[in-house]
Structures are given as structure tokens and as C-alpha cells.
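Have a look at the structure below, then the notes.
In this note's numbering, the protein residues as written are 1 to 454.
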């Protein structure tokens, strides 16, 4: 039986995610506003910037995963990438929030380039962080422990973000908007570096350089083999599809919630208690998830989460217009169940990597773990398109007094997109996901013998 990982190491694994998520949260919520209101770039050009940079961002995810999979430096296969790229990320991520005195065209090119460099760099560190689980733990139970702690810290960062980071940003911006953004982002970027470095120190005895490892034939991958790892790996393909559906529900609600509070509740300031309540609910779901998994197993927990999301948003459609606090309460209760899926996702991707090794005899854990970010990227684009298309369909016009027909249509798209996405995720896992606890245990036992024989 594998020795239990030290609590400090498990905590450092989660803290790295905490620091990274703090930095990213500000960018997700405020970068577009910085470009339009501080850098004074036209909204149409901002859309072009975001489109081009996100294409590069998405492409860099599998590319970085492939590079991590194929290379090994003297600091370790994964540890290398959490020691050095975070420094590059720190510099260029901070530069994305600078408003230099440049010509209009030069400013667009400059901000696009620093954004691209920052996100390519952070994808290397983030993918290595995810892939590190393959060398830290060989048993499903310990991998689930790492995955759960990682998610708990990430959700905890959202509470800190809502309470402290935004307060710092608003306070500094009251003196100078440009410097307010720059200093706040710089602080968060430095915290990100120390988060990864602390993890790198804790895992130095786990991810060591092995000169014989590069000679292992299983490490030599062709691009076709990388593609086949996605296409022929049924658990991986199933999780990718289900995760896209789950995330479509999450991001569509994030996009549309502000419209509810502005037009249905007639009080946009309620977004603050709403956001805090959601963060607390997600954090609570991460705490109860291990207990649910211990009872149901990973597959059935995913089904439980999909069912909770579907039922919750249908309930929201029935009662959500009665009162804004009823709206918040229903979503919170729904998230307590639906959110239990997120702490187990990392462990499920690692199970898919084990399945791939079981079938092919080649270890693609780094590449497969890098795929974990793809559903979120894809879902962001899909959900944004569906949400805004839905607003157009119901005849949305900004800043007018809403009529009953508009409010009913708004509730339809707020509720039916995430409920439909939750149902789709439920059916995909129910009908297509082939792994259960017993089978993955058998696969991992077989793989351990294969690795010992190499």
C-alpha cells in the first residue's frame, strides 16, 4: 500500500492553485473593462484582441502538454515547469495591465503580444501542476485527495478575492485607475510565483531527474499518437464532452445573472451578495464532495451532480421570479449538489490517463492532464454565444423598463441553458463512461506491474 502523502505537501498542491486562481480571477472579470475604459481601445477592437489571443491560448494548451510529456530537465519532468515559467508569467501578466503612451495601433499590438506570452507561460505551469499528480500519488485514493484539496483551495481563493482583492483594487484605483490595476495585478502575480515555488520545494524529492527516463520508449510520442490519445481513449473523450456541458451551464449563468439583478430584481447591487453566496456554496460543495464520493464513487457522483444541476435550474424557472433572494437561495442549494463534481475531475482525468497506458503501454499523463482546461475554454465560447444569442432572441434592448414577456424570456434562457447542459452531462456519463472504482483499481494494479517491468 502506498504511503500517505504529508499534509504539508497536499496543502502546498492546493495553495499553488489558490495563488494562481487569485491572479486569474481579476483578469477574467476586469481585463475587458481595462482595455475599454483605461487603455481606451474600441470595443470592436477589444473583441478582435480577445478572439486572436484566445485562439493562441487554446492551441497552447495541448502543445504545452505535449512538450511537458516529451521533455525532462534536471529539475524534474513537471517540477521544472512550476519553477521557471511562473516568473515569465509574473512579468508579462503584469504588463497586460499597463497603459503605455503608444500610438493606438501599437498599443493593440503590444497588449496582444504580452497577453499571448503571459498565457502561454501560465499554461505550461498550470499543466505541469495538474500533471504532477501522476508522480505524487499512484493510488486512486491519494490522487483524489490531491484533486479535492486543489479544488478546495481554488474555491477558497474566490472568497478571498471577493473580500480583499476587489477592496484593494477599488482603493488604489480611487487614486489612479491605471496604477490601481497595475499594482493590484503585480501583487497577485508575485503571489502566484511564490505559490508555485512553495509547491516546487515540497515536491523536490518526488519529481526527480531520472537520466534513464528519457530512454523509455513509452516517452517517444508522435503527433498522431497524441491525437489518438483523445480519440480512442473513451473515458477521456467522455469526460471532455461531459465537462464542456457542465461548464456551459456555469458560464451561461455567470453571463446572464447580472441581467436578472438589473432588470428582474431591479437592483444590480445584489450581484455582490449573490457572488459571495455562490463562492461559499461552491466551497462548501468541495468540502462535502469527498464524503459523497466515498459513498457513491466518482462516476455516480458525476451523475448526482448533473441531476442536481438539472433539477435545481428547473426549480429556479418556477420560483426564481418571486424574489431575488429566492433566486439566490435556489442556486445555492443547487450548487451544493452540482458542485460536488469539480473536486473529482482531476482524479477522473488521471483515471483516463491510466486507461490510456493500460490500452497502449505508453504514458500520456501530462498530455491528458493538459486537456483538463480545454472544456472550460470551449464552454466559455459556446456559453457566451448561446447567452447573447438568447438575449437577442427575446428582444433585449439595454436600459429600458422590462415587460413581463421579456422577463419570462430572460428566465427561460437563464434556467434552460444550464438545466439542459446538466442533463446532457448526466446522459453522457451514464451511457458512455466505462470506468467504475473496481475497474480502475484493476487497471492501476495492472499498470503498476507494467511500469515495474519497464
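C-beta: ideal position from N, C-alpha, C; glycine also.
In this text, all values refer to a predicted model and were calculated from it rather than measured experimentally.
Closest to residue 55 by CA distance: which of 250, 113, 409 is it? 113
Have a look at 401, 404, 417, 239 and flag the residue whose alpha-carbon is nearest the alpha-carbon of residue 351. 239
Hey, would you say residue 312 sits closer than 9 Å to residue 335, going by beta carbons? yes
Top-ranked residue by Cα proximity to residue 229, from 367, 429, 5: 367
Using the Cβ count rule (16 or more neighbours within 10 Å means buried), how would you classify residue 283? buried
Hey, residue 224 and residue 371: beta-carbon distance below 9 Å or not? no
Contact between the stretch 55-70 and the stretch 115-125 is defined here as three or more beta-carbon pairs at a separation below 8 Å; is this criterion met? yes
Let me make sure I understand the geometry here. Which of 95, 410, 232, 25 has the alpha-carbon closest to that of residue 159? 25
Take residue 153 and list the residues in its own chain whose beta-carbon comes closer than 7 Å to its own, dropping the five residues that flank it on each side. 14, 15, 17, 18
Neighbourhood of residue 215 by C-beta distance below 6 Å, restricted to the same chain and skipping five residues each side: Residue confidence for residue 215 is low, a pLDDT of 41 falling below 50, so the modelled location carries little weight; the figure read from the coordinates is stated next. Excluding sequence neighbours, residue 215 sits near nothing in its chain.
Please report how far the alpha carbon of residue 444 lies from the alpha carbon of residue 414, in whole angstroms. 42 Å
Opposite residue 76 in the DSSP bridges: which residues? 73
Is it the case that the Cβ atoms of residue 34 and residue 93 are separated by a distance below 9 Å? no
Given residue 89, which residues of its chain have a CB within under 6 Å of its CB, disregarding the five upstream and five downstream residues? 118, 121, 122
Alpha carbon to alpha carbon, how far is residue 427 from residue 242? 9 Å
Quick check on the burial criterion: 16 or more other C-beta atoms within 10 angstroms. Buried or exposed for residue 77? buried
With distances taken Cα to Cα, identify the nearest neighbour of residue 183 among 53, 149, 106, 167. 167
Hey, how far is the Cα of residue 179 from the Cα of residue 196? 26 Å
Here's the rule: buried if 16 or more other CB atoms are within 10 angstroms of the residue's CB, otherwise exposed. What is residue 103? exposed
For the stretch 127-144 and the stretch 428-447, state whether three or more C-beta atom pairs, one from each stretch, are separated by less than 8 Å. yes
Quick one: measure Cβ to Cβ for residue 301 and residue 288, integer angstroms, because I've assumed they're closer than 8 Å. With 8 Å as the limit, residue 301 and residue 288 do not qualify as a contact, their Cβ atoms being about 11 Å apart.
Can you tell me whether residue 165 is helix, strand or coil according to DSSP? helix
For a test of the three-state rule: what should DSSP assign to residue 207, helix, strand or coil? coil
For residue 139, which of helix, strand or coil comes out of DSSP? coil
With DSSP collapsed to three states, give me the class of residue 150. helix
Could you give the distance in angstroms between the alpha-carbon of residue 22 and the alpha-carbon of residue 156? 10 Å
If you reduce the DSSP assignment to three classes, tell me which class residue 217 lands in. Summary for residue 217: the model assigns pLDDT 49, below 50, so the residue's position carries little reliability, and this model does not support an answer.
Can you round the beta-carbon distance between residue 338 and residue 309 to whole angstroms, since I take them to be within the 8 Å contact cut? 4 Å
Local conformation of residue 247 per DSSP, three classes: helix
Nearest-angstrom Cα distance between residue 83 and residue 261? 43 Å
Leaving out the 5 sequence neighbours to the left and right, which residues in its chain are closer than 8 Å to residue 406 when beta-carbon positions are compared? 263, 394, 395, 396
For residue 457, three-class secondary structure by DSSP: Given a span of 1 to 454 for the chain in the structure shown, any question on residue 457 remains unanswerable.
Quick one: using the 10 Å Cβ neighbour count with 16 as the cut-off for buried, is residue 105 buried or exposed? exposed
Would you kindly work out how many angstroms separate the C-alpha atoms of residue 57 and residue 250, rounded to a whole number? 20 Å
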